[in-house]
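Residue numbering for the sequence shown follows our numbering, beginning at 83 and increasing consecutively.
Even glycine gets a Cβ: it sits at the ideal position worked out from N, Cα and C.
Predicted, not measured: the structure shown is a model, and the values here were computed from it.
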Amino acid sequence: MNYRLEVAGQLDRTITQEESVWAIEHIMSRSPEIAELGIRPGYACQYDMSPDHLPIVDEIPGAKGTFVITGSSGHGFKLGPAMGEVVAKWALGQRQELLRKFSLHRFE
């Protein structure tokens, strides 16, 4: 199964019969009691991921003082408070060296 978004804005959010069967088989192999619960409709969603699967935390080029924190996949809600604190310090002139590995410029 291919879950990659090929063109921005064109994600098919439907779940195919093949995907449903695959998920049910894997879940039931670990928790057979799930079969008693039945099946409900589902949906697909997308994660904001960078090409190297690491977050992007950087000042937006050409927009001094404007920062972006993105590409955290499903981890953003956990990382958000810490990233926000680190970027707030950066905005006050205290950039942390550890942020360099999350720079947008790593893709150049």
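- Only exposed fits residue 111, as fewer than 16 other CB atoms lie within 10 angstroms of its CB.
- Contact check for residue 189 against residue 133 passes: the beta carbons are separated by less than 8 Å.
- The three-state reading of DSSP puts residue 154 in strand, counting E and B together.
- The way I'd put it, the region 171–180 doesn't touch the region 154–162; fewer than three beta-carbon pairs between them come closer than 8 Å.
- A direct Cα-Cα distance of roughly 8 Å separates residue 117 from residue 106.
- Inter-residue distance for residue 154 and residue 184 is about 11 Å (C-alpha atoms, whole angstroms).
- Bridge partners of residue 139 according to DSSP: 151.
- Between the alpha carbons of residue 115 and residue 151 lies a gap of roughly 40 Å.
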